[in-house]
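Residue numbering for the sequence shown follows my numbering, beginning at 171 and increasing consecutively.
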Amino acid sequence: MCAALIGVIACVAGVGGCAAPQARTTRLQTRDFEDIAFEMAANLRASDFLRERTAESPPMTVAVSKVENLSTDLVSDGEKWFLMDRVIESASMKTLAREKAVRFVIPAEKLRALRETLGPDERIALERRPTHSMIAQLRSLTRAAGLDRTEVYSAFYRIVELESGEAVWSGDFALKRAAVGRSYN
Numbered sequence: 171m172c173a174a175l176i177g178v179i180a181c182v183a184g185v186g187g188c189a190a191p192q193a194r195t196t197r198l199q200t201r202d203f204e205d206i207a208f209e210m211a212a213n214l215r216a217s218d219f220l221r222e223r224t225a226e227s228p229p230m231t232v233a234v235s236k237v238e239n240l241s242t243d244l245v246s247d248g249e250k251w252f253l254m255d256r257v258i259e260s261a262s263m264k265t266l267a268r269e270k271a272v273r274f275v276i277p278a279e280k281l282r283a284l285r286e287t288l289g290p291d292e293r294i295a296l297e298r299r300p301t302h303s304m305i306a307q308l309r310s311l312t313r314a315a316g317l318d319r320t321e322v323y324s325a326f327y328r329i330v331e332l333e334s335g336e337a338v339w340s341g342d343f344a345l346k347r348a349a350v351g352r353s354y355n
């Protein structure tokens, strides 16, 4: 009994070889999506593009679209929207909206689908005149050796001024996921 208790204490304390099991998949997890969104929101907030803007600046409206998946991972539409939504709905972006006169809106095709679902409601699209668009892409590189696999993901976001077509901001965030052993066990 005493030996079993010592074994449990050693595992909890991280001593004696009781390590957490290795990941068996390189698939992106919810936490990965949250990390990407947090980093992109922080990058945008600190950008030169927004540095000079104030609450009194002319309003900027940025139309967003779901993330384009160019990775080897299967990413659902919900996860693609989640990656964009977490950036624009983050606390730092809410502050940005107030302090820098920046607003994010959904794309026109999503708005049409929403109207079809909810019915005509004028409040859905008040003052919707985008001045910029924000796109995002998810890419990956794979390295496999024997049973082990490593996936490096890159989330790339870009804001383009619609009038000129100029890219005014871009941000890139990379993360690595490693898997050990057979994934079908």
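In this text, a Cβ means the ideal position worked out from N, Cα and C, and glycines have one as well.
On the DSSP bridge assignment, give the partners of Ser310 in chain order.
Tyr323
Please report how far the alpha carbon of Leu240 lies from the alpha carbon of Gly335, in whole angstroms.
23 Å
Give the range of the beta strand (DSSP E) segment to which Asp240 is assigned.
Note on residue identity: the sequence assigns Leu, not Asp, to residue 240. Unbroken beta strand (DSSP E) run through Leu240: 238 to 240.
Classify Ser246: buried if its beta carbon has 16 or more other beta carbons within 10 angstroms, exposed otherwise.
exposed
Cα separation between Lys250 and Phe219?
25 Å
I want to know whether the region 263 to 274 touches the region 335 to 348 - three or more CB-CB distances under 8 Å.
no
For the beta strand (DSSP E) holding Arg273, just list the boundary residues, first then last.
272 to 275
My output table needs one value for Ala207: the three-state DSSP class, helix, strand or coil.
helix
Between the Cα of Thr301 and those of Arg309, Ala337, Glu222, spot the shortest distance and give me the residue it belongs to.
Ala337
Note the first and the last residue of the continuous beta strand (DSSP E) segment covering Val234.
230 to 234
Kindly list the residues whose CB is nearer than 6 Å to the CB of Arg328, restricted to its own chain and excluding five residues on each side of it in sequence; keep chain order.
Ile305, Ala337, Ser340
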